[in-house]
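See structure below.
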Amino acid sequence: MLSFYESTQLRIRGESILDEAFVFTEAQLVDVVDTLEGNLAREVRHALRSYFHRGMHIVEARLYFSNYEKEWSTYDSLSKLANTHVNYLHQLHKEELCIFTE
Numbered sequence: 005m006l007s008f009y010e011s012t013q014l015r016i017r018g019e020s021i022l023d024e025a026f027v028f029t030e031a032q033l034v035d036v037v038d039t040l041e042g043n044l045a046r047e048v049r050h051a052l053r054s055y056f057h058r059g060m061h062i063v064e065a066r067l068y069f070s071n072y073e074k075e076w077s078t079y080d081s082l083s084k085l086a087n088t089h090v091n092y093l094h095q096l097h098k099e100e101l102c103i104f105t106e
């Protein structure tokens, strides 16, 4: 349901089926969000607060990693690689901002 909700956020004006799907999925998620626990609850709350596709991908990735970090203990090397990549991109963006603001 969460993925469907996030997908409906890509709709454009005049797509009545996706408009209806957005309203439906949002209502369903709002109804169940208080019954959810853990990572899924955090993901749903975040999705209801902000549109995933309009967010900064680096920030969305950071939130995703922080939510699932404990569950990734079996994929420790993959987790470290992903985290290193996110940190690298973050540093790159900071350097680019410094160049443009000088």
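Okay, so the sequence shown: first residue is 5 according to our numbering, each after it adds one.
The C-beta atom is built at its ideal place from N, Cα and C for all residues, glycine as well.
If you're wondering where the values come from, they're calculated on a predicted model, not measured in any experiment.
Coarse secondary structure for E19, derived from DSSP in three states:
In the sequence shown, the residue the question calls residue 19 occupies position 15. The DSSP-derived three-state label of E19 is coil.
With DSSP as the reference, label Q13 as helix, strand or coil.
In the sequence shown, residue 13 corresponds to position 9, counting from 1. Coil at Q13, not helix or strand.
Should the region 35-49 be regarded as contacting the region 16-27, the criterion being three or more beta carbon pairs within less than 8 Å?
no
Rounded straight-line distance, which links the Cα of L96 to that of L82
What you label residue 82 is simply residue 78 of the sequence shown in a count that begins at 1. What you label residue 96 is simply residue 92 of the sequence shown in a count that begins at 1. Taking the straight line from one Cα to the other gives about 21 Å.
Going by beta carbon distance, what residues of the same chain come within less than 7 Å of L22, once the five residues before and after it are set aside?
Indexing the sequence shown from 1 puts residue 22 at position 18. T12, R15.
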